[in-house]
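Below is one structure; the comments refer to it alone.
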Amino acid sequence: MAIASMDRMQHPRRIKIHPLPVRVTHWINAFAMGCMIMSGWQIYDASPLFPFTFPHLMTLGGWLGGAIAWHLAAMWLLVANGLVYGLYGFTSGHFRRNFLPLSPSAVRADLMAALAFRLPHRLGRYNAVQRLLYVLVLLAGVLAVSSGLALWKPVQLRFLSLFFGGFEVTRRVHFAAMAGIVGFIAIHLALVLLVPKTLPPMITGRAKEEA
Amino acid sequence: MSLWPRKRVTLADVQPDLVRLERRMILRSGLSLGALTLLTGCDLSDGDAVDKVLWAMSRWNDKVQAALFDPGRLAPTYAESDITKPFRFNAFYDIDEVPVIDGVAWKLEVSGLVTDKSPWTLERLRALPQQSQITRHICVEGWSAIGQWSGVPFRTLLEHAGADLRARYVGFKCADGYYSSIDMATALHPQTILALDFGKDPLPPEFGFPVKLRVPTKLGFKNPKHIAAMFVTNDYPGGYWEDQGYNWFSGS
Chain F
9 MAIASMDRMQ
19 HPRRIKIHPL
29 PVRVTHWINA
39 FAMGCMIMSG
49 WQIYDASPLF
59 PFTFPHLMTL
69 GGWLGGAIAW
79 HLAAMWLLVA
89 NGLVYGLYGF
99 TSGHFRRNFL
109 PLSPSAVRAD
119 LMAALAFRLP
129 HRLGRYNAVQ
139 RLLYVLVLLA
149 GVLAVSSGLA
159 LWKPVQLRFL
169 SLFFGGFEVT
179 RRVHFAAMAG
189 IVGFIAIHLA
199 LVLLVPKTLP
209 PMITGRAKEE
219 A
Chain G
60 MSLWPRKRVT
70 LADVQPDLVR
80 LERRMILRSG
90 LSLGALTLLT
100 GCDLSDGDAV
110 DKVLWAMSRW
120 NDKVQAALFD
130 PGRLAPTYAE
140 SDITKPFRFN
150 AFYDIDEVPV
160 IDGVAWKLEV
170 SGLVTDKSPW
180 TLERLRALPQ
190 QSQITRHICV
200 EGWSAIGQWS
210 GVPFRTLLEH
220 AGADLRARYV
230 GFKCADGYYS
240 SIDMATALHP
250 QTILALDFGK
260 DPLPPEFGFP
270 VKLRVPTKLG
280 FKNPKHIAAM
290 FVTNDYPGGY
300 WEDQGYNWFS
310 GS
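Those protein sequence lines, which keep their order, are chains F and G. The opening position of the first sequence corresponds to residue 9 in the numbering used here, with each subsequent residue numbered one higher. The opening position of the second sequence corresponds to residue 60 in the numbering used here, with each subsequent residue numbered one higher.
Here's what the structure looks like:
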């Protein structure tokens with residue numbers, strides 16, 4: 009037994025966790041999403057929907073014109089990268105393999121275990137709560153982009169604008185999508201800090217197999 | 060056979076290294092977030108490499124919007140009961156600095172690629188066919204308000220002036236120092252009007268007396284007020300805000 013584990017130590021089996029397309033699109037998305045959110049906050053501050061503004065230090069663009077320039081430039085990167093990821097996710101089986109099955113009972117059970125700090129991290133396998141959060145944030149991304157398009161082009165895409173309930177409702181939908189994504193990022197980063205060994209595989213793609 | 064004496068390696072031996080490695084990874088991703096905050100200084104004003112990319116993307120977005128623009132697609136119209144009251148004043152100066160203009164002496168100068176450069180008085184403009192609309196004014200800042208504007212369909216005015224309708228731009232110079240320009244396709248759009256009235260009355264000073272361009276297919280800052288001169292051109296005329304970084308096309 010001792011010899012076996014020693015062998016394992018010297019020649020650890022490194023298993024693939026994140027394939028290259030996932031890693032590349034993850035980091036491009038992190039940059040593009042960061043640009044979109046921070047410039048979006050600057051745009052929000054020009055005409056706040058709610059009785060608060062975002063601190064200037066957390067925003068991108070310096071002023072409204074700069075922020076809009078960032079927002080309407082980074083949107084191309086965000087959408088192109090999102091399309092590549094979505095295409096890969098559907099064609100490679102990445103979505104089906106990692107996000108399914110997803111049942112309410114499994115989510116409930118894993119959530120209870122997580123809240124009791126009894127949900128172990130399993131290398132390369134998402135628990136039901138993670139699956140739900142990943143699916144929800146992808147949907148929030150789709151909502152953010154589609155409501156954003158409706159705000160950008162309320163005349164040329166007037167049916168999309170009407171679908172969301174008109175210009176003023178769409179602004180709130182767009183804000184809600186952002187809030188959902190930011191909420192996800194907060195949980196996501198907190199979990200990476202709690203279980204830091206999940207970070208290197210998103211860069212190298214591989215992790216040592218757990219003993 | 061290894062040249063080095065074999066030594067039993069335990070997890071405790073490598074743990075500190077692993078922890079260091081993990082910290083380095085976290086630090087690295089932290090640095091890339093830090094790099095992002097360095098970019099927050101890029102605001103289109105100092106001409107560095109990032110600013111150049113932003114300007115280039117804005118010109119690209121002009122082209123995309125021109126391609127997306129459907130000359131027959133109408134902006135949504137609203138009922139009189141939907142009109143926003145009070146309507147919001149907005150300019151690059153305060154309301155007490157709104158220009159005072161004598162409507163009798165005022166003339167609209169016309170120049171550039173037109174055959175008839177005779178200026179237009181309010182009387183002459185009133186004699187042309189008029190059109191009314193209740194549409195949503197969308198400000199680049201994000202807020203919007205519904206208002207009623209009436210005036211001369213801009214296409215009618217361009218035709219009366221004998222404008223070259225294949226020219227690329229129509230530019231505007233205003234009595235308050237503001238200036239802007241629009242693409243010809245938008246200038247010919249059926250809802251683009253040279254507004255003389257706001258609601259049932261002549262434009263009040265704060266909303267652009269004596270004439271303002273009403274373009275419901277563009278953001279508010281593309282609707283110049285207190286217009287003193289217009290010109291038809293193929294040379295990009297820019298605009299007060301556009302030259303500082305607002306996207307030029309800014310179509311809705």
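Ideal Cβ positions, reconstructed from N, Cα and C, are used throughout, including at glycine.
Chain G places a beta carbon closer than 9 Å to that of Ala81/F, counting this residue as a contact. Within the region 196 to 208 of chain G, the residues whose Cβ lies closer than 9 Å to some Cβ of chain F are Ile197, Cys198, Val199, Glu200, Gly201, Trp202, Ser203, listed in chain order. Its chain contains Ala114, Val115, Asp118 as the residues whose beta carbon lies nearer than 6 Å to that of Ala136/F, once the 5 sequence neighbours on both sides are disregarded; these appear in chain order. DSSP assignment within the region 142 to 207 of chain F yields the following whole alpha helix (DSSP H) runs of 4 residues or more, N-terminal first: 166 to 171, 175 to 202. By the neighbour-count definition (other C-beta atoms within 10 Å, threshold 16), Arg139/F is a buried residue. Taking the Cα positions, Val229/G is about 19 Å away from Gln303/G. Rounded to the nearest angstrom, the Cβ distance from Ile197/G to Phe175/F is 6 Å, consistent with a contact under 8 Å. Check the Cα spacing between Asp161/G and each of Arg225/G, Gly258/G, Phe146/G, Thr180/G: the tightest is with Thr180/G. Chain F places a beta carbon closer than 9 Å to that of Arg132/G, counting this residue as a contact.
If the five residues before and after Phe148/G are omitted, its C-beta is found closer than 7 Å to the C-beta atoms of Ile154, Glu265, all from its own chain and listed in chain order. The alpha carbon of Val169/G has as its nearest neighbour, out of Tyr305/G, Trp300/G, Ala287/G, the alpha carbon of Ala287/G. The alpha-carbon of Leu262/G is positioned some 35 Å away from that of Trp114/G. The region 267 to 275 of chain G makes no contact with the region 214 to 221 of chain G, as fewer than three CB pairs between them are under 8 Å.
Segment contact: the region 80 to 90 of chain F against the region 100 to 111 of chain F, fewer than three CB-CB distances shorter than 8 Å; contact not assigned.
The beta carbons of Val123/G and Ala81/F sit no closer together than 9 Å.
In this structure, Gly171/G places its C-beta atom within 9 Å of the C-beta atom of Ala222/G.
Taken atom to atom, the span from the alpha-carbon of Leu151/F to that of Leu144/F is near 10 Å. When DSSP states are grouped into helix, strand and coil, Phe290/G belongs to the strand group. A direct Cα-to-Cα measurement between Val173/G and Trp49/F gives close to 44 Å. At a beta-carbon threshold of 8 Å, the residues of chain G lying near Phe175/F are Arg195, Ile197, Ser203, ordered along the chain. Chain G places a beta carbon closer than 9 Å to that of Ile76/F, counting this residue as a contact. The DSSP-derived three-state label of Ser47/F is helix. Using a Cβ-Cβ distance cut-off of 8 Å, the region 123 to 132 of chain G and the region 164 to 179 of chain F are in contact, since at least three pairs of beta carbons, one from each stretch, lie closer than that value. Below the 8 Å Cβ cutoff, chain F contributes Ala77, Leu80, Ala81 as neighbours of Ser117/G, in chain order. Residue pairing by DSSP places Val211/G opposite Leu253/G in a beta bridge. Burial is judged here by how many other beta carbons sit within 10 angstroms of a residue's own beta carbon; Lys24/F has fewer than 16 and is exposed.
When CB distances to chain G are screened at a threshold of 9 Å, the residues of the region 154 to 168 of chain F falling below it are Leu159, Trp160, Lys161, Pro162, Val163, Gln164, Leu165, Arg166, in chain order. Phe146/G is positioned such that its CB atom lies closer than 9 Å to that of Gly206/G. Contact annotation for Thr136/G against chain F: no contact, minimum CB-CB distance about 11 Å [criterion: below 7 Å].
A distance of 9 Å or more separates the beta carbons of Val199/G and Ala124/F. Between Glu217/F and Arg31/F, the C-beta gap is not smaller than 9 Å, which leaves the two residues out of contact.
Tyr305/G belongs to the set of residues whose beta carbon lies under 9 Å from a beta carbon in chain F.
Residue burial annotation: Thr99/F is exposed, with fewer than 16 other C-beta atoms found within 10 angstroms of its C-beta. A direct Cα-to-Cα measurement between Tyr134/F and Gly191/F gives close to 19 Å. Identification of residues in the region 179 to 190 of chain G having a C-beta nearer than 9 Å to some C-beta of chain F yields an empty set.
In the DSSP assignment, Ala246/G falls within the alpha helix (DSSP H) that extends over 243 to 246.
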